[in-house]
Structures are given as C-alpha cells and as structure tokens.
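J.: This note's numbering applies: residue 3 is where the sequence shown begins, and numbers increase by one.
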Amino acid sequence: MDTLIQYNRKLPVWKVIIGFAFIFMSIYFFIEGTIFTGLWLLMLSFVLMRTDGSEIDLQSKKYRKTHSFLGLKVGQWKTLIEPLYVSIFLTKEDVSVRALSAETTNSKDIIMLNLFYNQNKHFTIYHTNNLNDAFDVASHIADALIIDILDATEKGNFQWVDKDILRDKGEIVYTD
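Right, here's the structure in full:
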C-alpha cells in the first residue's frame with residue numbers, strides 16, 4: 003500500500019455541471035470585457051466546486067487538511083503528534099438534491115476512518131463503502147504508525163481489534 007493516504011469528499015454531479023458552466027460563462031464575460039461579472043461567476047464556481055479532505059504521509063508521520071479545486075490541493079503539512087488509534091465507524095452521508103421548489107435528501111451508509119491523536123483530536127483520513135477495504139487500510143495505518151484499531155461500526159459497541167491477526171489472516175478478532 004501507499005505511504006500517502008488521501009481522502010476527498012465527493013462532489014455531487016449537479017455541482018460539477020453548474021460549476022463548469024459558471025467557469026465557461028466567466029471566460030465569456032472576461033472576453034466581452036465585463037470583468038466584474040466574470041469574477042463573480044468564477045467565485046461562484048469556486049464555492050460550488052471546492053472540496054475538503056485530508057492527507058496523511060505515513061512515512062514522514064505528517065498530515066494535512068486540504069482544500070481542493072479542480073484537482074489542485076492546498077494545505078499545510080503538520081507533524082502528527084502522539085497518534086493514539088484509528089477508528090472505523092459506520093455513518094450516513096446525506097446528499098441533498100434541489101429543483102425549483104422541491105428538495106429531497108438521500109442517505110447512504112458509508113464507512114469512515116478517523117485518526118485520533120494528541121488526547122482527543124481527530125480527523126477523517128479515509129472513507130469507503132466496503133468494510134473489508136476499511137479494515138485493510140486501517141491495518142496499514144496502524145502498522146505504519148504503531149497504533150491500535152477501534153471497531154466502532156456498531157453503535158454503542160466499540161471494540162479493539164487484534165491488528166496482528168487482521169494483518170496475517172485477514173480476520174477480525176477482538177481483544178479484551
């Protein structure tokens with residue numbers, strides 16, 4: 003596995019379409035000479051298409067929270083102080099869709115990995131829909147940082163995972 007693990011929140015398709023439409027319209031307005039309108043549309047596209055995320059470099063033990071726009075990531079690398087454990091938990095991700103006067107919110111299950119450090123601070127380092135993938139990545143992170151794995155996929159039932167058995171056999175065995 004890689005030493006650089008990245009997480010970026012996915013953009014809804016409608017935001018990408020509208021964002022690119024605003025970019026093309028801003029280019030048109032720049033060419034036509036109405037710079038203010040072009041800048042305004044460019045800023046709107048930035049607001050629509052900006053995503054947040056995080057990256058962790060397991061080799062140098064550094065992390066950064068990122069902001070990205072059209073694949074360009076910005077964020078300051080910080081040294082990871084006292085990594086404690088990686089937590090795997092199941093949550094719901096809401097996606098809202100609006101059209102004229104109607105709105106609907108769709109929810110889907112998603113598995114997220116949070117890295118806890120420096121007492122009780124944490125940040126999301128990975129997300130997936132596959133439980134086995136989540137445990138594989140958590141095992142990789144735990145081995146690289148020499149920390150434990152907490153299975154929090156069941157609400158109110160948090161259990162520590164034996165990372166040696168997980169790494170060697172691929173089985174999830176809980177420790178006492």
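Ideal Cβ placement from N, Cα and C applies to all residues, glycine included.
1. Which residue marks the beginning of the beta strand (DSSP E) containing residue 17, and which one marks its end?
2. Flag this pair as yes or no: are the beta carbons of residue 86 and residue 119 separated by less than 7 Å?
3. Is the segment 96–114 touching the segment 157–170 in the sense that three or more CB pairs, one from each, lie closer than 8 Å?
4. Taking C-beta to C-beta, are residue 83 and residue 136 nearer than 7 Å?
5. Using DSSP bridges, identify the partner residues of residue 172.
6. Residue 141 to residue 36, Cα distance in whole Å?
7. Can you tell me whether residue 40 is helix, strand or coil according to DSSP?
8. Whole angstroms are fine: how far does the CA of residue 112 sit from the CA of residue 8?
9. Any chance you could list the beta strand (DSSP E) runs of at least 3 consecutive residues sitting entirely within the segment 124–166, in chain order?
10. What does residue 8 pair with, by DSSP beta-bridge criteria?
11. Express the C-alpha separation of residue 79 and residue 174 in angstroms, rounding to a whole number.
12. With DSSP collapsed to three states, give me the class of residue 46.
13. Compare the Cα-Cα distances from residue 109 to each of 139, 116, 97 and report the closest residue.
14. Among the residues of its own chain, which have a CB less than 6 Å from the CB of residue 40, if the five just before and after it don't count?
15. Whose C-alpha, out of 60, 38, 101, is nearest the C-alpha of residue 148?
16. Closest by CA to residue 56, which one among 81, 127, 123?
17. Thinking residue 51 and residue 18 are a contact (beta carbons under 8 Å), I'd like their distance in whole angstroms, please.
T.: If we stick to the structure as given:
1. Element bounds for residue 17: not the beta strand (DSSP E) but the alpha helix (DSSP H), 15–34.
2. Using a Cβ distance threshold of 7 Å, residue 86 and residue 119 count as a contacting pair.
3. no
4. Not a contact, by the Cβ cut-off of 7 Å.
5. Beta-bridge partners of residue 172 (DSSP): none assigned.
6. 54 Å
7. helix
8. 16 Å
9. DSSP runs (the beta strand (DSSP E)) wholly in the segment 124–166: 150–156, 159–163.
10. 57
11. 33 Å
12. helix
13. It is 97.
14. 28, 31, 32
15. 60
16. 127
17. 7 Å
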